[in-house]
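One structure below.
In the numbering used here, the protein residues as written are 143 to 315.
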């Protein structure tokens with residue numbers, strides 16, 4: 143299985159403030175984190191995952207139904223066969239849980255420095271605004287505090303899931 147996850151800030155804290163929403167988007171917009179897992183729930187190591195991703199990306203519509211198939215509608219039964227007729231959810235749920243934990247750890251590590259640097263800049267802005275005693279400074283401070291809250295309360299979101307079956311591939315080299 144291929145899972146794609148992305149980090150999402152807590153936009154609800156800055157709803158309606160498009161400037162702050164854009165600032166969050168710039169901080170959090172990255173390529174989705176992709177993780178491949180076998181049917182047994184084992185995560186495919188990075189180098190091998192890159193091979194699988196390359197294979198998947200090489201599939202184009204000109205070869206559809208010849209070298210690859212979209213297993214939807216009437217072809218969805220093939221997935222059930224690959225799962226030895228187990229319920230798809232019973233197979234995916236524990237694998238998804240493991241993938242979600244992995245994604246949270248990786249995205250946390252990837253975002254940590256960026257979030258820390260941005261939070262330091264925002265705190266400095268708040269400190270400078272604290273020297274002013276006017277309504278505009280108060281409003282800007284409140285907005286920046288909501289921005290900090292949005293950054294701190296980010297979450298991961300599943301961006302996509304796929305099933306990739308390769309007949310034969312030697313990943314040992």
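Beta carbons: idealized from backbone N, C-alpha and C, even for Gly. All values reported here derive from a predicted model rather than from experimental measurement.
Beta strand (DSSP E) containing residue 147: first to last residue?
144 to 150
Report the start-end ranges of each beta strand (DSSP E) in the stretch 219 to 247 that is 3 residues or longer and not cut off at the edges.
none
Please determine if the stretch 249 to 258 and the stretch 178 to 198 are in contact, where contact requires at least 3 C-beta pairs separated by less than 8 Å.
no
In angstroms, rounded to a whole number, what distance separates the CA positions of residue 276 and residue 287?
The straight-line gap from Cα to Cα measures roughly 17 Å.
Could you pull the start and end residues of the alpha helix (DSSP H) that residue 282 belongs to?
277 to 294
Which residue or residues does DSSP assign as beta-bridge partners of residue 303?
Residue pairing by DSSP puts residue 303 in a beta bridge opposite 145.
What is the DSSP secondary structure of residue 198, counted as helix, strand or coil?
helix
Would you call the stretch 144 to 154 and the stretch 170 to 185 touching, i.e. three or more CB-CB distances under 8 Å?
yes
Please state whether DSSP places residue 175 in a helix, a strand or coil.
Residue state, collapsed to three classes: strand.
When you compare the CB positions of residue 282 and residue 271, do they come within less than 8 Å of one another, or not?
yes
How close, in whole Å, do the beta carbons of residue 159 and residue 285 come, if the pair is a contact with beta carbons under 8 Å?
6 Å
Quick check: residue 238 and residue 185, are their CB atoms within less than 8 Å of each other?
Pairing residue 238 with residue 185 gives a Cβ-Cβ distance that is not under 8 Å.
For the candidate residues 254, 180, 162 and 300, whose alpha-carbon lies nearest to that of residue 294?
254
Looking only at DSSP bridge pairs, what is residue 210 linked to?
206
Expressed to the nearest angstrom, what Euclidean distance is found between the alpha-carbon atoms of residue 208 and residue 202?
Rounded to the nearest angstrom, the two C-alpha atoms are 11 Å apart.
Given a cut-off of 8 Å on the beta-carbon distance, is the pair residue 289 and residue 264 in contact?
Against a cut-off of 8 Å, the Cβ pair of residue 264 and residue 289 comes out as a contact.
Grouping DSSP H, G and I as helix and E and B as strand, with all else coil, what is residue 274?
coil
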